[in-house]
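K.L.:
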Amino acid sequence: FFSLAYDERYAQAAVYLPILAVGVWFSSIGGMYGAAFLALGRPKWIALVSGVKVASFALMLAVLSQFDSTLTMATVVVLASELMTFAVSRYLGWRLGLKSMRAEASMLLMLLACSAVGLLLVRDFGPVAALHPLAQLMVLGVVTSLAFAPFIIKLVVPLIRQRNT
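Structure (structure tokens):
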């Protein structure tokens with residue numbers, strides 16, 4: 206995508222984006238926990254989780270500043286902060302009775318698998334690696350759509366059918 210949309214000066218951003226994307230995954234799950242905390246009368250837990258996010262990020266960034274670090278390392282600190290926030294949200298959710306991680310874990314594994322397959326296709330698989338960046342992006346879109354199709358068929362289609370009846 207970056208070779209299609211940006212010139213070579215921004216190539217390093219292609220390293221940051223996947224790291225930040227995984228962080229966004231954990232952040233979105235944290236948002237769902239936040240909604241559950243609010244619905245169950247625990248708004249202080251949302252503030253606690255937000256405090257953990259800010260404190261963990263500030264602490265890790267302070268530690269990182271003591272070393273000869275790079276922007277990639279700072280990006281990893283953002284991800285680590287999201288992981289810590291997720292861990293606290295998950296624990297608090299468990300205390301409320303939200304004990305199953307099956308859906309979260311399976312979707313995370315799918316995200317990581319799709320990311321790994323996409324990276325391997327674009328970098329190492331000859332026929333795809335040789336394509337124009339726009340064609341590579343289209344191939345990745347098809348592969349991702351096919352990978353998530355079983356989940357959509359299993360989870361979304363029944364919801365649509367139920368709503369239409």
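For what it's worth, our numbering labels the leading residue of the sequence shown as 206, then goes sequentially. No residue lacks a Cβ here, since even glycine has one placed at the ideal position from N, Cα and C.
#1: Evaluate Phe356 with the Cβ neighbour count: other Cβ atoms within 10 Å of its Cβ, from every protein chain shown; 16 or more gives buried, anything less gives exposed.
#2: Exposed or buried, Tyr211, counting other C-beta atoms within 10 Å across all chains shown (16 or more means buried)?
#3: Considering Cα atoms alone, identify which of Gln271, Lys304, Arg366 and Ser261 is closest to Leu288.
#4: Grouping DSSP H, G and I as helix and E and B as strand, with all else coil, what is Gly288?
#5: Counting pairs of beta carbons, one from the stretch 320-335 and one from the stretch 355-369, are three or more of them closer than 8 angstroms?
#6: In or out: Trp250 buried (at least 16 other Cβ within 10 Å) or exposed?
#7: Among Ser350, Ala218 and Met343, which has the Cα closest to the Cα of Thr275?
#8: Taking the Cβ atom as the reference point for each residue, do Leu264 and Ala279 lie within a distance shorter than 8 angstroms?
#9: How many Å lie between Leu245 and Phe231 at the Cα?
#10: Using beta-carbon positions only, say whether Leu266 and Val282 come within less than 8 angstroms of one another.
#11: Counting only the same chain and skipping the five closest in sequence on each side, list residues whose C-beta sits under 8 angstroms from that of Glu309.
#12: Check Ser350 in the structure and name its three-state DSSP category.
#13: Taking Cβ positions, are Tyr221 and Thr290 nearer each other than 8 angstroms?
#14: For Ser350 and Arg214, I'd like the C-alpha separation in whole angstroms.
P.N.:
Checking against the coordinates, here is how it stands:
#1: Exposure of Phe356 is indicated by the presence of fewer than 16 other C-beta atoms within 10 angstroms of its C-beta.
#2: Answer is exposed; the Cβ neighbour count stays below 16.
#3: Looking at the Cα atoms, Ser261 is the closest of the given residues.
#4: Note on residue identity: the sequence assigns Leu, not Gly, to residue 288. If DSSP states are grouped into helix, strand and coil, Leu288 belongs with the helices.
#5: Under the Cβ criterion (8 angstroms, minimum of three pairs), the stretch 320-335 does not count as touching the stretch 355-369.
#6: Label assigned to Trp250: buried.
#7: Ranked by how close their Cα comes to the Cα of Thr275, the residues Ser350, Ala218 and Met343 have Ala218 in first place.
#8: Between Leu264 and Ala279, the C-beta spacing is not below 8 angstroms.
#9: When rounded, the distance between both Cα atoms is 21 angstroms.
#10: In this structure, Leu266 sits near Val282, with a CB-CB distance shorter than 8 angstroms.
#11: Answer for Glu309: Ile234, listed in chain order.
#12: The DSSP-derived three-state label of Ser350 is helix.
#13: For the 8 angstroms CB-CB criterion, Tyr221 and Thr290 do not form a contact.
#14: C-alpha separation (whole angstroms): 30 angstroms.
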